[in-house]
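Just so you know, we're using our numbering here: the sequence shown kicks off at 113 and counts up by one.
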Amino acid sequence: MVVSLVSPRLLMIGGGAVARVAEVLAQFGLSRPLVVTDPWMASSGTVERLLAPLRAAGIQAAVFSETVSDPTDTVVEAGVARLRAGDFDCLIGFGGGSPMDTAKAMAILAAAPAGTHIRAFKVPAQANRAALPVICVPTTAGTGSEVTRFTVITDTGRDEKMLIAGLGALPLAAVVDYELTFSVPPRTTADTGIDSLTHALEAFVSRRANPEADQYALRAMRLIAPHLRAVYREPGNARAREAMMLGATLAGLAFSNASVALVHGMSRPIGAHFHVPHGLSNAMLLPVVTEYSLPAALPRYAEAARAMGVASAAEGDQSAAAKLLEELRALNRDLEVPTPRAYGIEEARWNELLPRMAEQALASGSPANNPRVPDAEEIVALYRRCYAGG
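1) Determine, using beta carbons only, whether L510 and L437 come nearer to each other than 7 Å.
2) Give me the DSSP bridge partner(s) of L123.
3) Any idea which residues DSSP pairs I265 with across the strands?
4) Just mark T304 as buried or exposed, buried being the case when its beta carbon has 16 or more other beta carbons within 10 Å.
5) Can you find the residues in the same chain that come closer than 7 Å, C-beta to C-beta, to V375, ignoring five residues on each side of it along the sequence?
6) P467 by DSSP, collapsed to three states: which one?
7) Let's test the definition: count the other Cβ atoms within 10 Å of the Cβ of P151 and tell me whether it reaches 16, buried, or not, exposed.
8) In this structure, does DSSP put F140 in helix, strand or coil?
9) Can you give me the start and stop residues for the alpha helix (DSSP H) that P452 sits inside?
10) Along the chain, which unbroken stretches of the alpha helix (DSSP H) at least 4 residues long are found entirely within the region 390–430?
11) For a test of the three-state rule: what should DSSP assign to T184, helix, strand or coil?
12) Considering only the beta carbon of each residue, do Y499 and P452 sit closer than 7 Å?
13) In whole angstroms, give me the CA-to-CA distance for E324 and A363.
14) Grab the span of the alpha helix (DSSP H) containing F200 for me, first residue to last.
15) Going by the CB atoms, is the gap between A408 and R497 shorter than 7 Å?
16) Could you pull the start and end residues of the beta strand (DSSP E) that A174 belongs to?
17) Leaving out five residues on either side along the sequence, give the residues of the same chain with a beta carbon under 6 Å from the beta carbon of Y344.
18) Do L244 and C202 have their C-beta atoms within less than 7 Å of each other?
19) Counting C-beta neighbours from all protein chains within 10 Å, is the total for M113 16 or more, i.e. buried, or is it exposed?
20) Determine the burial state of F316: buried for a count of at least 16 other Cβ atoms within 10 Å of its Cβ, exposed for fewer.
21) Just confirm the distance between the C-beta atoms of G251 and G207, as a whole number of angstroms; I'd bet it's less than 8 Å.
22) With C-beta atoms as the reference, is E249 less than 7 Å away from V287?
23) For I171, which three-state DSSP category applies?
24) How big is the Cα-Cα spacing for M153 and V175?
25) In three-state terms, what does DSSP make of G191?
26) Distance, Cα to Cα, A253 vs A460?
27) Taking the beta carbon of E464 as the centre, do at least 16 other beta carbons fall within 10 Å, making it buried, or is it exposed?
28) M356: which of M212, N369, G256, G377 sits nearest, CA to CA?
29) Apply the 10 Å Cβ neighbour rule to Q472 and answer buried if 16 or more other Cβ atoms are within range, or exposed otherwise.
30) Could you compute how far the alpha carbon of V187 sits from the alpha carbon of G205?
31) Cβ atoms of P479 and G391: under 7 Å apart, would you say?
32) Taking the C-alpha atoms as reference points, what is the distance between E489 and A321?
33) Is it buried or exposed for S431, if we count other Cβ within 10 angstroms and need 16 for buried?
34) Using 10 angstroms around the beta-carbon of F367, count the other beta-carbons present and answer buried if the total reaches 16, otherwise exposed.
35) Which whole-angstrom value is the C-beta distance of L275 and V118, which I expect to be below 8 Å?
36) How is L117 classed by DSSP in three states: helix, strand or coil?
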């Protein structure tokens, strides 16, 4: 078996690491960054955690702060216009998954001829070229975008969340500082945390799993599962925050090298049509999709349960997998994850869009990585079960 692994060239991990961002740029001979962030990071002054050490090193960074919670093609185009109007040698994505994904998409689109739409790069296309290197500084413990070869961008003309994959989306470096997550509110902490757990679990059961990615996934689950409730209930718990941040990065490395599966494939259309945060839509789907998938990969799900600490090493696969399913349901209860119905999505609109959502899920390619590969009819049935929390 030949395994191809990708990761950033440099990972700087640890509390206070953001203060050394200028050192990271210097190692690559970079000095003219455009920082890509969101309006809250800019208005709250949080971005100063990044800008201040850059200024202290004599680097005057420009800031593009127009990113939105679900990155769109229009925002990427505005970012590329800002990029082309200046003299920059790199991009720094600072924030949650949205600013990082926007920065990566900007780098990809800026390498294409003028007038190209970002949809030209959605899978199955390979987005292997980027105009500039990207350095990622995550402020949430969840998406893993700081280490992946993926970015997800909404096509506003088609109401479609597009998966874009390739080496052009792979950051040059990542600065992973858990101290940046202390101010993240509980709802976002829960949603991004379940996102990272889903990354690890799906990478581990994926049809594209491999022994190297497995090690990232297993360690991620060992870190995330015991600490997710703690960071939700105790935002100032430094030990839990540190474990979650490292777990999220390891989960990112796992799925970047083994891919995600059916949960993510079904999650993106929910976000595109109903503007549900990505981690939250994953959480809505995770128990239902796991129950559907269990028979096709029972030993792998059982091993995941043991890694998460919800089953003992001596426990049989059937019992361990059942405990995993029980834990995923309990986690949703404890983290107050609503069903789509409780979230306020109208049932008639949900049902109307199910065929289109199933088509978009399949087109993303992610369901094909699932242990049990569904057809469109089965995906529709899973969406129906998910709606009421079945």
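No residue lacks a Cβ here, since even glycine has one placed at the ideal position from N, Cα and C.
By the coordinates alone:
1) It is not possible to answer for residue 510, since the shown part of the chain is limited to 113 through 502.
2) A286
3) M274
4) buried
5) T310, E314, N394, L397, L398, V401
6) helix
7) exposed
8) coil
9) 452–455
10) 390–405, 410–420
11) strand
12) yes
13) 12 Å
14) Per DSSP, F200 belongs to no alpha helix (DSSP H) and is neither H nor E.
15) no
16) 174–176
17) P298, T301, A302, L447
18) yes
19) exposed
20) buried
21) A small fix is needed here, since residue 251 is Thr in this sequence, not Gly. Contact flag correct, Cβ pair sits at about 5 Å.
22) According to the sequence displayed, residue 249 carries Val and not Glu. Contact: yes.
23) coil
24) 11 Å
25) helix
26) 35 Å
27) exposed
28) G256
29) buried
30) 14 Å
31) no
32) 26 Å
33) exposed
34) buried
35) Rounded, the Cβ-Cβ distance is 16 Å, inconsistent with contact.
36) coil
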